[in-house]
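Residue numbering for the sequence shown follows UniProt numbering, beginning at 1 and increasing consecutively.
Idealized CB from N, CA, C, for every residue including glycine.
Beneath this line is the structure, given in structure tokens, with notes to follow.
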Amino acid sequence: MRAIDLNLLVVLDALLAERHLSRAAERLNMSQPAVSHALARLRILLDDPLFHRRRREMEPTLRALELSAPLAEALAQIRTVLAPEGFEPTERHVFRLAMSDYGTALLLPDLMQRLRAEAPGIDLVVTQKSREGMIGAVVDGEIDMAFGVFPDLPSRCVAETLFEDEYACLLDPLAQPQPYHGLTEALYWAAPHVLTAVHGEAATELDLHLRSHHKHRRIALVLPHWNVAPHVVRGTDLILTVARRCLDSVGPDLMIAAPPIATPSIPFAAIFAKRRRTDPALRWLIEQVRQVSGARPVPRSELKRH
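Pasting the structure below:
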């Protein structure tokens with residue numbers, strides 16, 4: 001162990017996360033030649049090329065991929081040991097998050113007000129990915145935390161439910177083919193529907209629930225953005241079934257109605273890598289998110305048990 005420069009492992013972790021030499025150098029605050037030199041030493045140390053250049057990115061070898069998870073776990077533990085007991089958000093720190101525009105609308109306004117008032121040195125970088133993309137980015141260390149609905153998670157992720165939403169339907173009562181006297185089950189199944197899915201035509205929890213009861217909606221429009229969906233309902237016979245909190249700012253000419261069918265609840269959660277469950281910075285951020293989301297406070301001991 002004395003002959004191994006542990007800084008090389010930090011470089012390898014950054015290269016695995018970025019898959020790009022200059023981005024890894026920027027992440028590490030190192031020069032590109034210094035990262036190249038470290039990679040050369042790693043190749044000798046591990047007796048493996050570790051990466052092959054493919055177009056604009058570096059593709060990891062099988063050996064590098066095998067090292068990715070245990071390396072990230074080991075470095076997280078080292079950072080936890082060396083880090084102070086708590087996290088003081090008085091210095092510059094960047095958190096990388098992923099969420100849909102639904103999560104963005106619900107969390108970001110209040111979260112940013114809180115951060116700007118109490119921790120102005122904290123910066124956020126927010127991206128949007130499919131559910132599978134969010135989970136993969138959390139596991140790989142590309143992002144710190146993701147927000148959304150995650151019915152199935154790998155064992156390397158931890159989820160904390162922030163709140164539960166419910167489904168509601170939005171429609172234009174004046175654009176229905178028959179005089180509107182309320183949203184009935186017959187109207188619901190006869191109507192064309194709008195589906196919001198970041199990942200193309202992927203089935204939502206609602207549709208999976210309906211299929212389990214041998215029911216199917218007619219999807220007339222698939223959209224990747226929650227905030228656009230209410231606008232396409234106006235003047236059409238379309239019905240939009242989404243989380244109730246998405247519909248707080250729709251116009252008075254549109255009707256919000258309870259679904260005339262049984263629907264599942266919508267548990268909105270934050271997920272992060274299990275290896276980082278004791279990371280003081282991440283625990284601090286989770287607490288800020290709890291405060292703005294109105295989530296039930298979770299004791300730190302409970303967080304550690306995940």
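- Taken through DSSP and simplified to helix, strand or coil, residue 228 comes out as coil.
- By the criterion of a C-beta distance shorter than 7 Å, residue 177 is surrounded in its chain by 237, once the five residues flanking it on both sides are discounted.
- Sequence-distant Cβ neighbours of residue 75 in its own chain, meaning closer than 8 Å and more than five residues away, are 9, 10 and 13.
- Residue 257 sits away from residue 195, with the two beta carbons spaced by 8 Å or more.
- In this structure, residue 51 places its C-beta atom within 8 Å of the C-beta atom of residue 64.
- Residue 30 carries a coil assignment under DSSP once its states are collapsed to helix, strand and coil.
- Residue 211 counts as exposed, since fewer than 16 other beta carbons sit within 10 angstroms of its beta carbon.
- Straight-line spacing of the CA atoms in residue 278 and residue 190 works out to 51 Å.
- Each residue's CA atom was taken as its position, placing residue 45 and residue 37 some 12 Å apart.
- Per DSSP, residue 117 has no beta bridge partner at all.
- Ranked by how close their Cα comes to the Cα of residue 164, the residues 147, 186 and 286 have 147 in first place.
- Beyond the five residues adjoining it in sequence on each side, residue 102 comes within less than 7 Å, by CB distance, of 226, 243 and 246 in the same chain, given in chain order.
- Separation of residue 151 and residue 99 (C-alpha to C-alpha, rounded to the nearest whole angstrom) is 15 Å.
- Around the CB of residue 293, 16 or more other CB atoms lie within 10 Å, so the residue is classed as buried.
- Segment contact: the segment 155-162 against the segment 112-125, fewer than three CB-CB distances shorter than 8 Å; contact not assigned.
- In the structure shown, the three-state DSSP call for residue 91 is coil.
- Of the other Cβ atoms in all chains shown, 16 or more fall within 10 Å of the Cβ of residue 241; this residue is therefore buried.
- With fewer than 16 other Cβ atoms inside 10 Å of its own Cβ, residue 186 counts as exposed.
- For residue 139, no beta strand (DSSP E) encloses it; the enclosing alpha helix (DSSP H) starts and ends at 131-140.
- CA-CA distance, residue 77 to residue 122, rounds to 23 Å.
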